[in-house]
Amino acid sequence: MADQIRGIAFPFRIDPATGGVATESEFNKLRQNVRVLLGTRLGERPMLPDYGTPLAGLVHDPNDAVLVDLAQRQAVQAVLRWEPRLLVTGVQPRKFEGELHLHLSYVLTGLPAAGADQIIPLR
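Just so we're aligned: 4 in this note's numbering is position 23 of the sequence shown, and the numbers increase by one with no gaps anywhere.
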């Protein structure tokens, strides 16, 4: 990757090899960023109240076409705003036992051939 993507691993942990804070890089870090973004409720971060999505509020909505459209729009808008290094190519929301899951497909904007699929549970 042209830019080195590196940051603290999520969930936070200590690297047993170094005794320091564990870090992730490249695509693993981006996957973690997306998971944190879509799992964060709006207003949850006091110093950054606009960070996150209202997706968690959809968990109790009927599983219909409106839910699918809302979940897709909210996920894409959040990734466009907060993770500009990624371009969402597909979002498929599903409900499993009362939990909303998103099957998210995206590509890295700097590398068109680098893509990933990720399933994110929203509670």
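Here a beta-carbon is modelled for each residue, glycine too, at the ideal position from N, C-alpha and C.
In whole angstroms, what is the alpha-carbon distance linking Gln99 and Gln73?
10 angstroms
Quick check on Phe(-7): does DSSP put it in helix, strand or coil?
coil
How long is the line joining the alpha carbons of Thr4 and Trp63, rounded to whole angstroms?
20 angstroms
Run through DSSP, which three-state label would Gly20 get?
helix
Would you mind stating whether Leu83 and Ala37 have Cβ atoms separated by less than 8 angstroms?
no
Contained alpha helix (DSSP H) runs [length at least 4] in the stretch 39 to 77, N- to C-terminal order:
46 to 63
Measure how close the beta-carbons of Pro30 and Leu39 come, nearest whole angstrom, since I'm counting them as under 8 angstroms.
The pair is not a contact, with the Cβ atoms about 20 angstroms apart (cut-off 8 angstroms).
Would you check if the distance between the CB atom of Val49 and the CB atom of Val60 is smaller than 8 angstroms?
no
Beta-bridge partners of Gly(-12), as assigned by DSSP
Glu5
C-beta atoms of Leu85 and Val15 nearer than 8 angstroms:
yes
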